[in-house]
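Below is one structure, written out as structure tokens; the observations come after it.
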Amino acid sequence: MSDWVHNLPVTAMALVVFGFTYLLAAAALMAVTALATGERAKSFKAISPGLLPVLGIIFGLFVAFTAAQVWSDSDRANTAVSHEASALRAVVLLAAGLPAEKQAKLRGLVRDYVEQAANVEWPMMARQTASLRASPPNLVEALQLVIAPQEGQPIAQRELISALQSALDARRQRIIVSQAEVNPVKWFCLYLLAICEMLAIALVHCDNRLASALALGLFSTGVAAAVLLIAAHDRPFTGQISIRPEPLLQIMPNDPAGR
487 MSDWVHNLPV TAMALVVFGF TYLLAAAALM AVTALATGER AKSFKAISPG
537 LLPVLGIIFG LFVAFTAAQV WSDSDRANTA VSHEASALRA VVLLAAGLPA
587 EKQAKLRGLV RDYVEQAANV EWPMMARQTA SLRASPPNLV EALQLVIAPQ
637 EGQPIAQREL ISALQSALDA RRQRIIVSQA EVNPVKWFCL YLLAICEMLA
687 IALVHCDNRL ASALALGLFS TGVAAAVLLI AAHDRPFTGQ ISIRPEPLLQ
737 IMPNDPAGR
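In our numbering, the protein residues as written are 487 to 745.
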């Protein structure tokens with residue numbers, strides 16, 4: 487689905503999705519009504535109504551499979567952000583075991599990293615342009631700082647290294663899942679099945695225009711609702727309903743000295 491649709495507010499996205507789906511339903515109704523004359527009308531009526539539940543079940547399965555992917559991607563994104571925030575919180579807490587100078591520097595590096603993630607990486611993930619090619623310099627510097635030999639506190643040093651590595655891994659997972667979306671082939675197949683069902687409804691009810699319009703209206707409303715639900719959650723970090731950096735911001739030290 488197009489980038490501009492994903493970036494719309496939910497209300498505007500609903501108008502676009504419902505409008506497009508109703509347009510398809512109206513086109514199917516008008517096309518069948520115009521063709522349902524003479525012998526063609528008899529042929530249309532010969533189509534078995536049993537075709538409708540079969541197509542409906544296939545469409546429902548497509549919706550379920552597509553939605554399952556979207557929920558999985560959303561869960562992965564939430565988990566990655568939560569793990570990253572937890573790891574950084576552990577770094578902030580464990581920094582208390584370091585000498586005052588290193589403690590202040592480490593907290594400052596964590597703060598700078600969180601600000602960079604929230605202000606730079608999040609908009610890039612929303613545009614699906616975030617990359618793993620460059621490592622975050624603040625976390626790399628923090629890792630180098632705690633790896634450097636120091637007097638005492640070997641357990642705290644090991645825990646700090648582990649927490650920083652966990653934060654780096656969570657960031658990698660966050661950026662990877664930011665690229666996830668329902669691909670165009672799935673969207674095409676979803677709407678193709680919906681169009682097939684719309685045509686089948688119009689054909690079966692071709693002798694009763696009101697019944698056909700009502701049935702198409704009900705089905706197209708269900709289609710639009712399913713598509714809207716999937717589209718609004720399709721990209722975990724894009725749109726009005728997206729994952730925000732609040733978990734990271736909540737663990738950010740008040741200032742570089744941690745006061």
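Yeah, the Cβ is synthetic: ideal placement off N, Cα and C, and Gly gets one too.
Opening and closing residue of the alpha helix (DSSP H) in which residue i lies
i, result
"residue 567", "537-580"
"residue 707", "695-719"
"residue 643", "640-664"
"residue 736", "732-736"
"residue 633", "623-633"
"residue 492", "489-492"
Per-residue DSSP class, three states only, for residue i
i, result
"residue 504", "helix"
"residue 594", "helix"
"residue 605", "helix"
"residue 681", "helix"
"residue 610", "helix"
"residue 584", "coil"
"residue 670", "helix"
"residue 522", "coil"
"residue 744", "In this prediction, residue 744 has a pLDDT of 44, which is less than 50 and means its spatial position is unreliable; what the coordinates show is noted afterwards. The answer is coil: DSSP assigns residue 744 none of H, G, I, E or B."
"residue 726", "coil"
"residue 533", "coil"
"residue 620", "coil"
"residue 615", "coil"
"residue 692", "coil"
"residue 497", "helix"
Cβ distance (whole Å) where residue i is taken to contact residue j below 8 angstroms
i, j, result
"residue 518", "residue 688", "4 angstroms"
"residue 496", "residue 727", "6 angstroms"
"residue 803", "residue 600", "Outside the shown range of the chain, which is 487 to 745, sits residue 803, and nothing can be said about it."
"residue 547", "residue 698", "That belief does not hold up - the Cβ atoms of residue 547 and residue 698 are roughly 25 angstroms apart, past 8 angstroms."
Q) On the three-pair Cβ rule with 8 angstroms, is the segment 563-579 touching the segment 649-663? A) Inter-segment contact for the segment 563-579 and the segment 649-663 is present: three or more beta-carbon pairs are separated by less than 8 angstroms.
Q. Does the segment 663-678 come close enough to the segment 696-706 to have 3 or more Cβ pairs within less than 8 angstroms?
A. Cβ pair count under 8 angstroms is below three, so no.
Q: Please confirm if the segment 579-599 is in contact with the segment 617-629, defined as three or more CB-CB distances below 8 angstroms between the two stretches.
A: Touching, yes, given that three or more Cβ pairs across the two stretches are closer than 8 angstroms.
**Q.** Three CB pairs or more closer than 8 angstroms across the segment 713-731 and the segment 548-560
**A.** Per the Cβ contact rule, the segment 713-731 is in contact with the segment 548-560 (3 or more Cβ pairs under 8 angstroms).
Q | the segment 607-615 / the segment 673-688 touching (three or more Cβ pairs under 8 angstroms) | A | Segments in contact, no.
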